[in-house]
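Residue numbers (our numbering): 1039 to 1186.
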């Protein structure tokens, strides 16, 4: 089944440096029929990213959400925080290619985006590309299984 055949529930989490793009991504997803669960933050006031990223990642790991998108200034800390949750494979994405490969080769169930690194338009394209891509399995499956 491709992601375009079913509209999934997407967990969202960010710190203050990813707030603007999180709001844009949430609107983008909802307008395309996806359900979202927003774990915050809910403003651009300075916060500690683990407080918002971990609950979003846990929602994916526990099956409460199908996928997750986390955001910050660079996206690095958010990816690290998400990857601390067993069952999460979070990929930092900065292009269409990294988003596509995150799903095709790494079966990433969460992606991280750095708001200070790319344009809002590119962030939305990354989200769309990732959601429409599919895991290829094959040799990649063996590698994914090695991670666990």
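C-beta: ideal position from N, C-alpha, C; glycine also.
In its own chain, which residues sit with a C-beta less than 7 Å from the C-beta of residue 1042, not counting the 5 before and 5 after it?
Taking the chain shown and counting its residues from 1, one reaches residue 1042 at position 4. Low local confidence applies: a pLDDT of 49 at residue 1042 is under 50, so the model's placement there is unreliable, with the coordinate-based value given in what follows. These residues qualify, in order along the chain: 1170.
Taking the Cβ atom as the reference point for each residue, do residue 1113 and residue 1130 lie within a distance shorter than 8 Å?
The residue labelled residue 1113 in the question sits at position 75 within the chain shown. The residue labelled residue 1130 in the question sits at position 92 within the chain shown. In this structure, residue 1130 lies closer than 8 Å to residue 1113 by Cβ.
Spatial neighbours of residue 1178 within its chain, please: C-beta separation below 6 Å, excluding the five flanking residues on both sides.
By one-based count along the chain shown, residue 1178 stands at place 140. 1143, listed in sequence order.
Hey, how far is the Cα of residue 1145 from the Cα of residue 1045?
Within the chain shown, the letter at position 107 stands for residue 1145. Within the chain shown, the letter at position 7 stands for residue 1045. Looking at the two C-alpha atoms, the distance is approximately 17 Å.
Between which two residues does the beta strand (DSSP E) holding residue 1129 run?
As a first step, residue 1129 is located in the chain shown; it is residue number 91 there, counting from the start. Run containing residue 1129: 1128 to 1130, per the beta strand (DSSP E) assignment.
Check whether the Cβ atoms of residue 1135 and residue 1087 lie closer than 8 Å to each other.
Residue mapping note: residue 1135 aligns to position 97 of the chain shown, counting from 1. Residue mapping note: residue 1087 aligns to position 49 of the chain shown, counting from 1. Against a cut-off of 8 Å, the Cβ pair of residue 1087 and residue 1135 comes out as no contact.
Reduced DSSP category for residue 1150 - H, G, I as helix; E, B as strand; rest coil
Residue 1150 sits at position 112 when you count from the first residue of the chain shown. Correct three-state label for residue 1150: strand.
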